[in-house]
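Protein chains in written order, with the working numbering: chain A, 1 to 355; chain B, 356 to 761.
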C-alpha cells in the first residue's frame, strides 16, 4: 500500500540533525560575515534638491551611445537594487554596453516632506533631473527608464513633457490597477486613505513592508527563513541573501500627500488606465507618448501582475511599442542570473535599433 | 532491504516493516529516536539561540532574529509531527488521514503558531506594535471592552455629557467607542484568518492525494512542510483577493486609524497644555513651505516661458536651477566634472541668453566627458549644505527671477 507521505525514521533523524548542524555553522557564518554592502558602481552627484540626489554612474568603459539613460525608481524602496552587487547590476551591464547612466535617488522623506505631492515628484524632481541630464547633452531628449512605481511616474512625466524623452522604457510598471489578480489593489479599495494619511502623516516604511510581506505571509514570514537554513554554510549565498534582505527592509517612509494621491487616483480610481488623471492641475494624456516604448514585465510578479503592465500598450499613442516578458518575479527581474543575461542586453539592443 | 523484499509479492512484509518504522518513529524507548525527539524538544534551543548572538553587526542580528523565529516555528511543527495525539495512534495511509494527522499532531503550526494567525502581533500599528506600549497593553489597561460591550457599554457611551468637563468627557466617550469599533473589526479580521487556516487543510489534502502515486511521494519533513505552505498560501491568496477580505481589511484599517487619530489628538492636547510644539503646528509650517515652493516653481516656469524658451527640450525652469554638486560637495566631484559643472553654471542662463542674442547662448555639448576617477559616495539622505540651502531659498530664487524678468 502506498500513501502520499513516506517518512523513514533514519531519514527524518538525519534531516533534523543536519538542520541543527547547519544552524550551528550558520551562527558562526553570520558572525564572520562582513557588514552588508550594497550599490557597487562608483557614482557622482550631479544635481539635487532637498533629499533628492541625481547620480551619474562612473563608467570604466568608453561611452559610445548618443543618448543618456535616466533611471527613475519607485519611492517605496531604495534604488540601489539596480546596482546591488558586482554580478547583479543592471547598471553595470548598461555601462559596459557604452551607455551613460543616471539615477534619481529620492532619499528618505521625513515629516517635513509630508506635503510633497505627485506633482512635486513628477513636474518637480523628475523634470529637474531630466533637465540636468539633458543639459549635459546640449538640451537633447533623454532615454527614460522607469521602474515599478517609477515607471508609472515616467509614463505621467512623458505624457506631460514628451519633447524631453527620446525613448521610454518601463520595467514592472503598473498601469491597470484593477486587474483581478492585484491583491494590493483589492486591499486598498475600501480603505479611507484620507483618514490614513491625515492620521499618520507620512506612511511608515515598516507599515508598507508589512503589507508586502502579508501578500504571501506563509512564504515571506516563514518558509523563506526555513529555506535559508539550506545556505547558512555557504558564505557567498548567505551574503547575497543578506544583501537582498537589507534592500527589502531598508525602505523609506512615503510622503503622505503623494501616497494619498497615488492610492486614490491610481489604485482606487485606476485613472492612469481609464483616463481623467490630473497631476498638479495638468491632465495626464498618455496618448501624447508617441516616441518608442519598451515595456518589460515579469510573468510571476505578485506585486505588479503582468496584465497590469501590459495595459500600457492600450493607453499610449506610440506606434513603436515593444514588450519583453521575463520569466521571473518582481525582484528576480533585477537580480536573478537570468535577468542579468537577458534584461540589459535586451534594453541595449532595443535602444541601439532606435539610435 | 533485499531485492526479493522489493517485489510486488513481498508487499505485505514491506508494509509491516513500514509500520514498525512508524512505531519506532513515534514511540519512546528507541535510543536514537529518543535522541532525535530530545533534540526537537530542547536540543535545538542552543543552535537557535546562537543565531541571535551576532553582536556587533546589527543588520545580521536582525536577519538572524527573523531566521530564529521561523526555524523555531518550523521545529515546533516537526516536534508536533513526531508526537501524534492519542486520536491518531496508527500510521496514516491516505491523504485524508495524513491531513488529519498533521492537523492534530502538528496543531501548533496550524493554529497558534501559524504566521497568518499571529499576523498583527508583530505588525507596526498592529495589536502589539501600536505606539510604544503596544495596543495590546493599551487594551489590557482599558479593561475588557469586548465583555463590557456585551453589557451594553455602547449605549452607556452614547449618554450625553454635562458640565464643565463635558467636551473632554465626550471625547473620551468617542475614543472608547472607536476602541470598541476597532475591536470588532480586529475580531472579524482574525476570524477570517482562522477560516483561511482551516480551509487550507482541504487544499492540503487534495495536494497530498496527488502525491499518492509512486515516485511522487513525500519522503522528508521539509517536503511535507513545503507542500503545506503551498496549500496555505494558495488558500490565503484566494481569500485575500475576495470582496469579503477587501471589506474586512478596509474596516480594520479605517477603524484603527480612527482610534489612533483620537489618541493622537488627546496626546497633542496634553502636550499643548504644557507648552510643547504640536504636530498640527509643524504640519502647518511644512504645508506653507511646500506651497511656497510650488509658487516659486510656477513663477520660474512662467518667467522662462515669457523668455521664449519653451521650445527647448530641456525643462527650462530646471535649466535655471543651480546644480548641487558644485555648491554642496565640491570635494566629491573630480576636477574634470567640476569644470563641467562650471560650464553648466554658465549655461544656466542659456534660455534667457538665447532670447537676448545668439552670441551669449551656450554651445551645445556634443559628448559628455567621461570621469573615470572613483568618486566617494555621498549619503543620499544627508541634507543639503547650509550654503546651498541659503542660495536656493525661495526668497532668493524669487529675487533672482524678478531680477531676470526686469
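Even glycine gets a Cβ: it sits at the ideal position worked out from N, Cα and C.
**Message:** How far does the alpha helix (DSSP H) with residue 249 (chain A) in it extend, from its first residue to its last?
**Reply:** Counting along the chain, the alpha helix (DSSP H) containing residue 249 (chain A) begins and ends at 235 to 249.
**Asked** Where residue 105 (chain A) and residue 610 (chain B) are concerned, what is the direct C-alpha to C-alpha distance, given to the nearest angstrom?
**Response** Between residue 105 (chain A) and residue 610 (chain B), the C-alpha separation is close to 35 Å.
**Asked** CB of residue 212 (chain A) to nearest heavy atom of the ligand GTP: below 7 Å?
**Response** Absence of the ligand GTP from the depicted structure is noted, as is the absence of any ligand whatsoever, leaving it without description.
**Prompt:** Mind checking if residue 537 (chain B) is an interface residue toward chain A, Cβ cutoff 8 Å exclusive?
**Reply:** no
**Item:** Three-state secondary structure (DSSP) of residue 513 (chain B)
**Value:** coil
**Message:** So, at 8 Å on beta carbons, what are the nonlocal neighbours of residue 162 (chain A) in its own chain, with the 5 sequence-adjacent residues on each side left out?
**Reply:** For residue 162 (chain A), the CB contacts under 8 Å within the same chain, skipping 5 residues up- and downstream, are 288, 289, 290 and 291 in chain order.
**Request:** Check the Cβ-Cβ distances between residue 308 (chain A) and every residue of chain B, and say whether any is below 8 Å.
**Result:** no
**Item:** residue 245 (chain A) versus residue 630 (chain B) - alpha carbon distance
**Value:** 43 Å
**Message:** For a test of the three-state rule: what should DSSP assign to residue 89 (chain A), helix, strand or coil?
**Reply:** strand
**Request:** Give the DSSP-derived three-state secondary structure of residue 356 (chain A) in the structure shown.
**Result:** Only positions 1 to 355 of chain A appear in this structure, which leaves residue 356 (chain A) out of reach.
**Asked** Does the beta-carbon of residue 556 (chain B) have 16 or more other beta-carbons within 10 angstroms, so that it is buried, or is it exposed?
**Response** buried
**Message:** If I follow the unbroken alpha helix (DSSP H) through residue 20 (chain A), where does it start and stop?
**Reply:** 9 to 32
**Message:** By alpha-carbon positions, which one of B:661, B:572 and B:604 ends up nearest to residue 8 (chain A)?
**Reply:** Comparing Cα positions, the closest option is B:572.
**Message:** Would residue 6 (chain A) pass as an interface residue toward chain B - the criterion being a Cβ-Cβ separation below 8 Å?
**Reply:** yes
**Prompt:** Residue range of the alpha helix (DSSP H) that residue 145 (chain A) falls in?
**Reply:** Segment 142 to 147 is the beta strand (DSSP E) holding residue 145 (chain A); no alpha helix (DSSP H) there.
**Whole-Å CB distance - residue 133 (chain A) paired with residue 84 (chain A), under 8 Å assumed** = About 23 Å; that fails the 8 Å criterion.
**Item:** Assigned secondary structure, residue 52 (chain A) (DSSP; H/G/I helix, E/B strand, else coil)
**Value:** strand
**Asked** Exposed or buried, residue 265 (chain A), counting other C-beta atoms within 10 Å across all chains shown (16 or more means buried)?
**Response** Residue 265 (chain A) counts as buried, since no fewer than 16 other beta carbons sit within 10 angstroms of its beta carbon.
**Asked** Should residue 183 (chain A) be flagged as near chain B, meaning a C-beta pair shorter than 8 Å?
**Response** yes
**Message:** Looking at chain A, is there any beta carbon in it that lies within less than 8 Å of the beta carbon of residue 566 (chain B)?
**Reply:** yes
**Asked** How long is the line joining the alpha carbons of residue 28 (chain A) and residue 21 (chain A), rounded to whole angstroms?
**Response** 11 Å
**Item:** Residues from the segment 203 to 233 of chain A in contact with chain B, defined by Cβ distance under 7 Å
**Value:** Of all residues in the segment 203 to 233 of chain A, the ones placed with a Cβ closer than 7 Å to any Cβ belonging to chain B are 204, 206, 207, 210, 214, 216, 217, 218, 219, 221, 222, 223, 225, 226, 228 and 229, in chain order.
**Prompt:** Which one of B:621, B:655, B:547 and B:618 has the shortest CA to CA distance from residue 598 (chain B)?
**Reply:** B:547
**Prompt:** Taking buried to mean at least 16 other C-beta atoms within 10 Å of its own C-beta, is residue 251 (chain A) buried or exposed?
**Reply:** buried
**Message:** So, for residue 93 (chain A): in the same chain, excluding its five sequence neighbours on each side, which residues have a beta-carbon less than 6 Å away from its beta-carbon?
**Reply:** 344
**Request:** Specify the secondary structure class of residue 133 (chain A) as computed by DSSP and reduced to three states.
**Result:** helix
**Between the CA atoms of residue 12 (chain A) and residue 4 (chain A) - distance to the nearest angstrom** = 16 Å
**residue 188 (chain A), buried or exposed, once every other Cβ within 10 Å from all chains shown has been counted against 16** = Residue 188 (chain A) counts as buried, since no fewer than 16 other beta carbons sit within 10 angstroms of its beta carbon.
**Request:** Identify whether residue 117 (chain A) lies in helix, strand or coil by the three-state DSSP scheme.
**Result:** coil
**Item:** Beta-carbon proximity list for residue 536 (chain B), same chain, < 6 Å, skipping 5 on both sides
**Value:** 610
**Asked** Which residues does DSSP pair with residue 606 (chain B) in a beta bridge?
**Response** Paired residue(s): none; residue 606 (chain B) is not in a bridge.
**Nearest-angstrom Cα separation, counted from residue 419 (chain B) out to residue 225 (chain A)** = 9 Å
**Message:** Run through the DSSP bridge pairs and tell me what residue 102 (chain A) is partnered with.
**Reply:** A:56 and A:70
**Message:** Between which residues of its own chain and residue 148 (chain A) is the CB-CB distance below 6 Å, once the five residues before and five after are set aside?
**Reply:** 74 and 172
**Message:** Using DSSP's beta-bridge definition, name the partner residues of residue 47 (chain A).
**Reply:** In the DSSP output, where bridge partners are listed per residue, residue 47 (chain A) has A:54.
**Prompt:** Is the Cβ-Cβ distance between residue 229 (chain A) and residue 30 (chain A) less than 8 Å?
**Reply:** no
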